[in-house]
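Colleague:
Number of protein chains: 2
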Amino acid sequence: MPKKIEPVPPPATKGERTRAAIVDAALKLFHKHGYDGTTMREIANAAGVSLGNAYYYFESKEHLIQAFYERTHLEHLVACERVLAREKKLEGRLRGVLLAKIDTAEPYHRISGILFKTAADPKSPLNPFSPASEPVRREATDLMRRVVEESSNKIPTDLREKLPELLWLYEMSVILFWIHDESKGRARTRKLIERTVEMLAKLVMVAGLPLMKPLRSSALSLVDELKHDALPPGG
Amino acid sequence: MPKKIEPVPPPATKGERTRAAIVDAALKLFHKHGYDGTTMREIANAAGVSLGNAYYYFESKEHLIQAFYERTHLEHLVACERVLAREKKLEGRLRGVLLAKIDTAEPYHRISGILFKTAADPKSPLNPFSPASEPVRREATDLMRRVVEESSNKIPTDLREKLPELLWLYEMSVILFWIHDESKGRARTRKLIERTVEMLAKLVMVAGLPLMKPLRSSALSLVDELKHDALPPGG
DNA sequence: GTCTATAACCGGATAGAC
DNA sequence: GTCTATCCGGTTATAGAC
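Line order of the protein sequences matches chains Y and E.
Here our numbering is used: position 116 in the first sequence is 98, and no number is missing along the way.
Here our numbering is used: position 193 in the second sequence is 175, and no number is missing along the way.
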């Protein structure tokens, strides 16, 4: 189950090589001894650089996490291409994207706990709701937009517009669950995905019924309002 | 907006007094300089004990947070009594309980970020899903059980049974939102509560319709299954 | 100006004496 | 139960090499 962690391919300038060496060393050590069980001194050592040098490239130990995050996101995107090419209905697309997420992230399950720990701190730039995370958030919702927009389902347009963001929130919840999931093969998370995706698909269909219109509108307008005054003009 | 933090009343044995002094000092300092801005040495100092002694009473700095958590929970319970005596319908009861939560927690808003930070760590005993948190979780769901069971609404019995746990999850989400809310008077959280409570009430009513039966059942059985194999026999 | 290294500093945590 | 002394590791200051 724990796949190997592959060193990333092409170094370029000297600096880039050093940087990559540090990330590789860090990921390997994190994998072996966990985040707290790995010291910056060990990472520097394994990468063949001095402690101070490691800090030249990475502001802090936590910033090494961001590097790991970028890697998994890329791997996820790649894995999603096949899924999105294959699946045409919302349910299949969503299920595939989520399963791809937990599969590509599997080698990093241990580390991910720490990621979420720091990510949950409102002050941390790694926090997914922070302005600093805008690019990452954008990429993730863009993926969900593809899940929705190219799907063949009939979805009320007002809902269709907001769905990518709502699905991103849903994805975050699934990940949170996954982090706490110690079951064999992440069976519990798989079950959660299977069943909630099914329910969401049903829900989206039901949401189109005339009866549901008021509930749907108030839900969607709430999302709008909250998003609108989330960040004052400049943030 | 930032109310005073009251020292807790009655000391008893010497140990209890020392313990209380440490908690009081910690809460005051956290409030003034934030969690990271406060050192254990300062806390010990302010409490008039040595550093080592502080660690005799509290395993770690994080464990001081649990003390704070217990305090706010008690204050919340007290505030809820009036609400539950007054409100008879689900919507009013739920709204009142949530507003009481963010009002009583207001003086601790700054610290709460850290609470959630550690809470998101699967390894932390402070994590609300951990076995160690069972008592706290129990108390919180019990409160929600009162919200539901003594409410005058008609609710399908299968849903009524699971609702307390679901509402607890909902409460956690609201708190997560609140932690990130820097708006004046926590206006955004208030809006979120107002609108989602309204929607939930509608949803609970709609859930009783024959049309919704399959969706409702699959949702409820999922909750059951996931809860069931959450903890293997001994955990 | 880009990169690297050494030597501190600081604060959370622990050991062990009283 | 309380203290003092110490460890350990993240982080910073700073000096210098390429």
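The beta-carbon is built from N, C-alpha and C at its ideal position, and this holds for glycine as well.
Please read all numbers here as calculations on a predicted model, not as lab measurements.
Let me check understanding here. Comparing Cα to Cα, which of M194(E), Y17(E), P196(E) and K10(E) lies closest to I93(E)?
Modeller: I93(E) has its Cα closest to that of Y17(E), out of M194(E), Y17(E), P196(E) and K10(E).
Colleague: Just tell me which of E44(Y), L33(Y) and H162(Y) has its CA closest to the CA of E88(Y).
Modeller: Of E44(Y), L33(Y) and H162(Y), the residue nearest in Cα terms is H162(Y).
Colleague: DSSP state of Y37(E), grouped into three classes?
Modeller: Y37(E) falls in the helix class under three-state DSSP.
Colleague: Nearest-angstrom Cα distance between P214(Y) and L158(E)?
Modeller: Because P214(Y) carries a pLDDT of 42, less than 50, the predicted location of this residue cannot be relied on, and no value is offered for it.
Colleague: How many Å lie between R119(E) and R53(E) at the Cα?
Modeller: Roughly 15 Å separates the two Cα atoms.
Colleague: Counting only C-beta atoms, is A183(E) closer than 8 Å to chain Y at any point?
Modeller: Not an interface residue.
Colleague: What span of residues does the alpha helix (DSSP H) with A15(E) cover, start to end?
Modeller: Before going further, note that residue 15(E) is His rather than Ala in the sequence given. Residues K(-4) to H15.
Colleague: Contact criterion: CB-CB distance below 8 Å. Does S42(Y) meet it with respect to chain E?
Modeller: Judged by the 8 Å Cβ criterion, S42(Y) is not in contact with chain E.
Colleague: Looking only at its chain, what residues have a beta carbon closer than 7 Å to the beta carbon of E57(E), apart from the 5 residues adjacent to it on each side?
Modeller: Cβ within range, chain order: T86.
Colleague: On a Cα-Cα basis, can you pick out the residue from T0(E), R77(E) and Y51(E) that is closest to V179(E)?
Modeller: Considering only alpha carbons, the answer is R77(E).
Colleague: So for H91(E), helix, strand or coil by DSSP?
Modeller: Helix, per DSSP.
Colleague: Roughly how many angstroms lie between the CA atoms of E69(E) and K195(Y), to the nearest whole one?
Modeller: If I take the Cα positions, the gap works out to 28 Å.
Colleague: Tell me which residues share the same chain as R170(E) and place their Cβ nearer than 8 Å to its Cβ, disregarding the 5 neighbours each side in the sequence.
Modeller: Here the set comprises F159 and D163.
Colleague: With burial defined as no fewer than 16 other Cβ atoms inside 10 Å of the residue's Cβ, what is the status of E153(E): buried or exposed?
Modeller: Looking at its Cβ environment, which holds 16 or more other Cβ atoms inside 10 Å, E153(E) is buried.
Colleague: For V188(Y), which three-state DSSP category applies?
Modeller: In the structure shown, V188(Y) sits in a helix (DSSP, three-state: H, G or I).
Colleague: Just the Cα atoms here: how many angstroms apart are S134(E) and E176(E)?
Modeller: If I take the Cα positions, the gap works out to 20 Å.
Colleague: How many whole angstroms separate the CB atoms of H55(E) and E121(E), which I take to be in contact at a CB cut-off of 8 Å?
Modeller: Indeed they touch by this definition, with Cβ atoms about 7 Å apart.
Colleague: Quick one: using the 10 Å Cβ neighbour count with 16 as the cut-off for buried, is P117(Y) buried or exposed?
Modeller: Result: exposed.
Colleague: Would you say A87(Y) reaches chain E, if we count a Cβ-Cβ gap shorter than 8 Å as a contact?
Modeller: Closer than 8 Å: no.
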